[in-house]
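For reference, the structure discussed in these notes is given below.
Numbering (this note's numbering), first residue to last: 32 to 939.
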């Protein structure tokens, strides 16, 4: 009897356990299926995802310590912090959204992941117990419950739905979030932009920001007097939405991403639609003493002006513009707008030199680059003579001179149409009045005052231009070299002007915190057009700026992982421009264009172990990328798609990587694949083995890449296993027998060089041995003493005598010896561990060695005299590539910390 009762009891307990387990698994599945995005109402103006790396730099936290303390005391923030500290929610990532409710109230919504199923009830109990003064307050909303928390005058609301916790200072915001989730679950939801934007966001960024339409049309006008920024340009209609990645570092705060204006009527930004990003040179004439600088850079001025006319028609400005232009015709004569427009080269600058807080007027310059300064002077003289007749004056009455010294005089006119630049070129130029005008070299300069003319003249003659200013150069290192619009500013000097443009709490904050805001010493904003989007970079700099000569950084791009290979410059067969092919340590490959934008990325699952070859599969001038991993070889077109019959799986692991050769330069490529099964395979671009290639199995697995050399009109296929060296012909038959026995490293490089005027093959063995094999099979071996097992070797003609020398790195040492081991050079670098020594040829007599110290994040470029190149060491932790681009000079591509790849301008 007792036994039966006991068995029944155990059965009941077992059944209960099974039921609980099924319930837990079901609820856990529901919880994990819930996405935070599903709870964010589509009318949210701003959506920010805070990731694990989102941490302000110490100097920023210190500057705003008082404000951060006040912020942390807010009820919503205290609740969030407490939940994270108690381990009831996941610390990261979590989402903060904001929108405007009513006329001017801004509501916030926090969306967080619950820790697990069991804690759902615990979260509710904990929040009610900790923050609900006066007991639990709850109301039903459909199938959900919304709780009210109150402390003092602050009220917060929360709901728990599956694995998601919603927290807000608006119960309506939570209702909309729950409603949207229910609709989506029923398949009736409206999908907002940010549910399709993951491809634009980087998983490694500190924060991801979505700016919805409401950010510009509803949120912005609460804080900015939009009519004061540009009285005749509606900045709230610049963009439809934007997606930005934010990163925080000791250098400052950087935002990168896209701003979209597609289909937005009345957007001034649409005037840039047909413009290509390009480099600008106008900063070479602008005064170094400026406070801020705005740049407009047009690749196609005619398309811009046509789009500007369409924009003005759309926003109802066409008639007023027409009337004002008719007045200009009376003042300056017919056809002057067209004459000036034909001379424009496409680069414009708006320069702020001073700001008068009393009159709230900006003193500065508008500068336009010209195709011909001399022709523009003729047009300007005609305009002023015509105006003199119109005004019943002599043109000499408007002509002024500024004698800088005895030999240099600047002639300029007092100009009667202070809005001419804005009317002719767009209302983004209306902030600076055109009261004076002159032409200097190939630049047309409008100035708001005679003092501005003189400021320009002094700096111009003395060569004191913004291009050489330390703060400006520092900002440009964080931006792309090519762009369409850019803005640079010295923060402290322009804060009074910014304050005049704001209102409400922002104006109060800027007024009270001018000292604290100066922690951001300078800042820059850059836009580059791509289709109907602008590639955007915003950088707030906090770093102390040191006056050092550095190679100029043209752009930097964030990847999902750390650069894990030497970046490969490749050619865009459409434009002829150089692009960059690179892989990160997450095994994702990227194609990056000349302005630093990621064109596409492709996960491979393995590390590339070969060179990246550009080949012409269809023999039509269109190039593809061919490379291998240990298991496969890939052929990818420039859009990131597989080409031909690729990828092709290997018959065995290929740890050494493929080698590709075009024997006769007829695009009949041959692909060598040395595998661990001791077979060396040969493939064609059809992905099939090549008939007629029949080599013998190697004695041991191959430890080198397969090389092809043509010497004295004979072809040699060369490779090695651990103990033996092979020299074959194109059919795989032994061409030269090498009888010597070697002991080689797992990844051995074979080099063709000359010794005593004869071609030889050189490679390294263990223990510092250097082996030299001639094409008769004879071998010579020398030894370099004092090398560790971790040394790296390359070949370089160090002394320029036409004979190869052996270049080593070992620890922090660089050594060069002759082929017989005779020392030529040795230097200890200020480094921890140097990587492979790459050789770069700047000219016939200028050969340099590139070195990487990944531990200290330094790159070195060493000349043959043992000196570092100008500006080195620079920041970087990957092997680097150097490319020569004609008159533009030399450029260096390298990876650096924080998953970033950079393009440097190298100074020689």
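Glycine included, each C-beta is placed from N, C-alpha and C at the ideal position.
The segment 328-347 makes contact with the segment 513-528: 3 or more CB pairs, one atom from each, lie closer than 8 angstroms. Beyond the five residues adjoining it in sequence on each side, residue 844 comes within less than 8 angstroms, by CB distance, of 857, 858, 859, 860, 865 in the same chain, given in chain order.
In terms of Cα proximity to residue 495, the closest of 334, 116, 317, 711 is 317. Of the residues 363, 875, 400, the one whose Cα lies closest to the Cα of residue 410 is 363. For residue 529, the enclosing alpha helix (DSSP H) begins and ends at 522-532. For residue 251, the enclosing alpha helix (DSSP H) has its first and last residue at 251-254. In this structure, residue 674 keeps its C-beta atom at 8 angstroms or more from the C-beta atom of residue 635. The beta carbon of residue 711 sits closer than 8 angstroms to those of 703, 704, 705, 726, 729, 733, 737, 750, 763, all from its chain and outside the five residues before and after it, given in chain order. Rounded to the nearest whole angstrom, the CA to CA distance from residue 528 to residue 182 is 39 angstroms. When C-beta atoms of the segment 396-414 are compared with those of the segment 467-474, three or more pairs fall below 8 angstroms, so the two segments count as touching. Following the DSSP letters along the chain, one finds residue 927 inside the beta strand (DSSP E) bounded by residues 921-927.
At a cut-off of 3 residues, the continuous stretches assigned as beta strand (DSSP E) that sit fully inside the segment 100-183 are 125-132, 136-144, 168-172, 175-182. Inter-segment contact for the segment 294-309 and the segment 476-488 is absent: fewer than three beta-carbon pairs are separated by less than 8 angstroms. Restricting attention to 574, 207, 73, 97, the CA atom closest to the CA of residue 544 is found in 97.
DSSP places residue 872 within a strand segment (E or B) once states are collapsed to three. Annotated three-state conformation of residue 612 is strand, per DSSP.
In the structure shown, the three-state DSSP call for residue 917 is helix.
Residue 679 has its alpha-carbon roughly 30 angstroms from the corresponding atom of residue 867.
A residue is called buried when at least 16 other Cβ atoms come within 10 angstroms of its Cβ; residue 597 meets this threshold and is buried. If only uninterrupted beta strand (DSSP E) runs of at least 3 residues are considered, those enclosed by the segment 580-654 are 583-589, 599-602, 609-614, 619-623, 629-634, 644-646.
Contact between the segment 274-290 and the segment 230-241 is present: three or more C-beta pairs spanning the two stretches fall below 8 angstroms. Secondary structure note for residue 732: it is in no beta strand (DSSP E), with a DSSP letter that is neither H nor E. Taken in chain order, the whole beta strand (DSSP E) runs of length 3 or more contained in the segment 651-724 are 655-659, 663-667, 690-692, 701-705, 711-714. In the displayed model, residue 363 falls within a helix according to three-state DSSP. Bounds of the alpha helix (DSSP H) holding residue 408 are 404-421. Cβ-Cβ separation between residue 753 and residue 731: approximately 5 angstroms, consistent with a contact (criterion under 8 angstroms). The way I'd put it, the segment 351-359 doesn't touch the segment 376-387; fewer than three beta-carbon pairs between them come closer than 8 angstroms. CA-CA distance, residue 259 to residue 532, rounds to 6 angstroms. Looking at the DSSP output, residue 330 sits in no beta bridge, so it has no partner there. It is roughly 41 angstroms from the alpha-carbon of residue 586 to the alpha-carbon of residue 434. Residue 815 is positioned such that its CB atom lies closer than 8 angstroms to that of residue 848. Three or more Cβ pairs drawn from the segment 797-817 and the segment 767-787 lie within less than 8 angstroms of each other, which places the two stretches in contact. In this structure residue 641 is in contact with residue 688, their Cβ atoms being roughly 3 angstroms apart against a cut-off of 8 angstroms. Check the Cα spacing between residue 916 and each of 850, 609, 685: the tightest is with 609.
Residue state for residue 199 is assigned as strand, using DSSP reduced to three classes. Taking the Cβ atoms as the reference, residue 196 lies roughly 13 angstroms from residue 159, outside the contact range of under 8 angstroms.
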